[in-house]
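S.K.: Protein sequence lines, in the order shown, are assigned to chains A and B.
The opening residue of the first sequence carries number 1 in my numbering; numbering runs sequentially from there.
The opening residue of the second sequence carries number 62 in my numbering; numbering runs sequentially from there.
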Amino acid sequence: MALSNLIYNGIFKRNSVFVATVFAGAFAFGIGFDTGVTKFYDSYNKGKQWKDIRHKYIQED
Amino acid sequence: MASFQVLKKAVSLAPTTRTLSSGVPYAPLLNLAVRAPHDAHGHGHGVEARSDVAPQWAGGPSKVGSSLVSKSFTTIPPTLNYQQRLMHTSRALKNANETPDFSAYRSSNTDGNRALSYFMVGSMGVISASAAKSSISEFLQTMAASADVLALAKVEVELAAIPEGKNVIIKWRGKPVFIRHRTSSEIQEARSTDWKGLRDPESDDARVKKPEWLVMLGVCTHLGCVPIGEAGDFGGWFCPCHGSHYDISGRIRKGPAPLNLEVPAYEFSEADEKLIIG
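Right under this line is the structure:
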């Protein structure tokens, strides 16, 4: 009850704060979503991508 | 007995024998002034108007001369019995006990529900804004140069392979690029020129990043021929097409060309051993 009141008064009460929070949240969500999907893709295709097998073909000097 | 005769006379009408020219049947025995017997009731209220007979002022049949006329007045005087008509005829219920009692379904935690509702709206906004942003940026990325184009856009040159006082011509984005390793006397000559009086005034400092390396596009600014190195009246380049002379800093000195040879974007890297154009 106290927490929901706190959230309402802090974020939802003023539309300007609400919209700003939504945009900031969208920014963070976009980055997080991207990172998460990339991580999942890399783990799903482990050993198939060039960055995983590069060391077999190219010797760094 | 006499009144009974009158009534009988009125009800059993004599047959009409002819019709008047006005269309009214001629009935000479019809007594229009007849009144219903009021003494038959025996109420003792005299000869007042009866409630079951229309009053005289409301119209009715009357005899004018020898013809029968029936009138019904349309402008009937209003009755004097006014009664206020109300909008609602049903009585308001003081206690509406037919309404179901919803208090058992009412939430006591309205603050939490309000916060949750707004949170849902905000989450929808977050996801839509993110989707819109990613749609736009993905669309804009389709306009960007692809990786193979970008890979061809840069050229690396090993500077150690170019001895002092020599020209190298390389191809960059389909155009020749002149790279000259200038000697100290050439640098001296390029710097000492009074460049303010030239056709396209530009100092040697503005044209090179390091004085010993001169990098220019090898395209004559006149009509796009490729000038010849180490030629011309000023010890620099000479365009054989129309005779433009460029000096050792690539500035136009003589001939039809309007501008100095163009300097591309370039940089030195890896401890000044490599030159990257682009």
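Glycine residues also receive a C-beta, built at the ideal position from the N, C-alpha and C atoms.
1) Let's see if you can read the secondary structure: which residues bound the beta strand (DSSP E) around Ser36(B)?
2) With a cut-off of 8 Å, do at least 3 Cβ pairs link the stretch 159-176 of chain B to the stretch 5-25 of chain A?
3) Going by alpha carbons, who is nearest to Thr282(B) out of Glu217(B), Asp261(B), Ile248(B), Arg79(B)?
4) Pick out the complete beta strand (DSSP E) segments inside the stretch 220-294 of chain B, 3 residues or longer, and give them in chain order.
5) Give the DSSP bridge partners of Asp308(B), in chain order.
6) Going straight from the alpha carbon of Ile338(B) to that of Pro325(B), what length do you get?
7) If we call anything under 8 Å between Cβ atoms a contact, is Ser58(B) one with Phe12(A)?
8) Using the beta-carbon of each residue, which ones in chain A are nearer than 7 Å to Gly335(B)?
9) Does the separation of the CB atoms of Gly290(B) and Ser305(B) fall below 8 Å?
10) The beta strand (DSSP E) that contains Lys315(B), what's its start and end?
11) In terms of residue numbering, what span does the beta strand (DSSP E) encompassing Leu336(B) cover?
12) Under 8 Å, Cβ to Cβ, is there at least one residue of chain A near Val210(B)?
13) On the DSSP letters alone, give me the boundaries of the alpha helix (DSSP H) that Ser127(B) sits inside.
14) When you compare the CB of Val276(B) with every CB in chain A, is at least one pair closer than 8 Å?
15) Measuring only between beta-carbons, confirm whether Asp265(B) sits less than 8 Å from chain A.
16) Anything in the stretch 162-187 of chain B with a Cβ closer than 7 Å to a Cβ of chain A? List those residues in chain order, please.
17) Can you list the residues of chain A that Ala190(B) reaches, using a CB-CB cut of under 9 Å?
18) Alpha helix (DSSP H) containing Tyr44(A): first to last residue?
19) By the three-class DSSP mapping on this structure, what secondary structure does Arg54(A) have?
20) Between Asp162(B) and Asp172(B), what straight-line distance do the alpha-carbon atoms span, to the nearest angstrom?
21) Pull the bridge partners of Ala8(A) from the DSSP assignment, please.
22) Which word fits Phe33(A), buried or exposed, when buried means at least 16 other C-beta atoms lie within 10 angstroms of its C-beta?
23) Across which residues does DSSP place Thr80(B) in a beta bridge pair?
M.R.: On the basis of the coordinates in this document:
1) Nothing about residue 36(B) can be reported from this structure: the residues present for chain B run from 62 to 339 only.
2) yes
3) As a first step, residue 282(B) is located in the second sequence; it is residue number 221 there, counting from the start. For the residues Glu217(B), Asp261(B), Ile248(B), Arg79(B), the minimum Cα distance to Thr282(B) belongs to Asp261(B).
4) 228-233, 236-242, 274-278
5) If you number the second sequence from 1, residue 308(B) lands on position 247. Note: Asp308(B) sits in a beta bridge opposite Gly296(B).
6) By one-based count along the second sequence, residue 338(B) stands at place 277. By one-based count along the second sequence, residue 325(B) stands at place 264. Going by the C-alpha atoms only, they are around 7 Å apart.
7) No answer is possible for residue 58(B): the residues shown for chain B start at 62 and end at 339.
8) In the second sequence, the residue the question calls residue 335(B) occupies position 274. The identity of residue 335(B) in the sequence shown is Lys, whereas the question assumes Gly. Correct list: empty, because the minimum Cβ distance to chain A is about 17 Å.
9) Indexing the second sequence from 1 puts residue 290(B) at position 229. Indexing the second sequence from 1 puts residue 305(B) at position 244. Cβ distance not < 8 Å, so Gly290(B) and Ser305(B) don't count as in contact.
10) In the second sequence, the residue the question calls residue 315(B) occupies position 254. For Lys315(B), the enclosing beta strand (DSSP E) has its first and last residue at 313-315.
11) Working through the second sequence from its first residue, we reach residue 336(B) at position 275. Leu336(B) -> beta strand (DSSP E) spans 335-338.
12) Counted from its first residue, the second sequence places residue 210(B) at position 149. Proximity of Val210(B) to chain A, defined by a Cβ-Cβ separation below 8 Å, is not satisfied.
13) As a working note, residue 127(B) is residue 66 in the second sequence. Here Ser127(B) belongs to no alpha helix (DSSP H), and DSSP marks it neither H nor E.
14) Here residue 276(B) refers to the residue found at position 215 when the second sequence is read from its first residue. For Val276(B), the answer is no, since every Cβ of chain A falls outside 8 Å of its Cβ.
15) Along the second sequence, one-based indexing puts residue 265(B) at 204. Proximity of Asp265(B) to chain A, defined by a Cβ-Cβ separation below 8 Å, is not satisfied.
16) Asn170, Asp172, Gly173, Arg175, Ala176, Tyr179, Gly183, Gly186, Val187
17) To locate residue 190(B), count along the second sequence from 1; it is residue 129. Ordered by position in chain A, the residues that pass the 9 Å Cβ test against Ala190(B) are Val22, Phe23, Gly25, Ala26, Phe27, Phe29, Gly30.
18) Taking the first sequence and counting its residues from 1, the one referred to as residue 44(A) is at position 44. Segment 15-44, the alpha helix (DSSP H) holding Tyr44(A).
19) By one-based count along the first sequence, residue 54(A) stands at place 54. In this structure, Arg54(A) counts as helix in the three-state DSSP scheme.
20) Taking the first residue of the second sequence as 1, we reach residue 162(B) at position 101. Taking the first residue of the second sequence as 1, we reach residue 172(B) at position 111. If I take the Cα positions, the gap works out to 22 Å.
21) What you label residue 8(A) is simply residue 8 of the first sequence in a count that begins at 1. Checking the displayed sequence, the identity of residue 8(A) turns out to be Tyr instead of Ala. The partner list for Tyr8(A) (beta bridge, DSSP) is empty, contrary to what the question assumes.
22) Within the first sequence, the letter at position 33 stands for residue 33(A). By the neighbour-count rule (16 or more Cβ atoms within 10 Å), Phe33(A) is not buried but exposed.
23) To locate residue 80(B), count along the second sequence from 1; it is residue 19. Per DSSP, Pro86(B).
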